[in-house]
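Next up, the structure:
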């Protein structure tokens, strides 16, 4: 398993979600995508997208005053 990192800090919503959709399409099944972001709306939109698509969330944490990281696995 490989963890791919997507850095989206500084991008306004919905771009972290748009970039995540594009990035996960290009990774192998079983790999994980870690998305680093600082867009408050993405704290809702990214987990909802993962749930809707059936991607398990393996990590979700706040990393700063206004920054988070979420890791989803591609089944």
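Residue numbers (the working numbering): 226 to 300. Yeah, the Cβ is synthetic: ideal placement off N, Cα and C, and Gly gets one too.
Residue span of the alpha helix (DSSP H) that contains residue i, given as start and end
i           : result
residue 277 : 267 to 278
residue 244 : 240 to 250
Proximity below 8 Å, CB of residue i to CB of residue j
i           : j           : result
residue 260 : residue 227 : no
residue 297 : residue 288 : no
residue 258 : residue 299 : yes
Whole-angstrom C-beta distance between residue j and residue i, which should lie under 8 Å
i           : j           : result
residue 285 : residue 272 : 7 Å
residue 292 : residue 234 : 6 Å
is_contact[residue i, chain C] using C-beta, thresh 8 Å
i           : result
residue 234 : Included in the structure is just one protein chain, with no chain C present.
### Query
Would you call the segment 229 to 238 and the segment 273 to 283 in contact, with 3 or more CB pairs under 8 Å?
no
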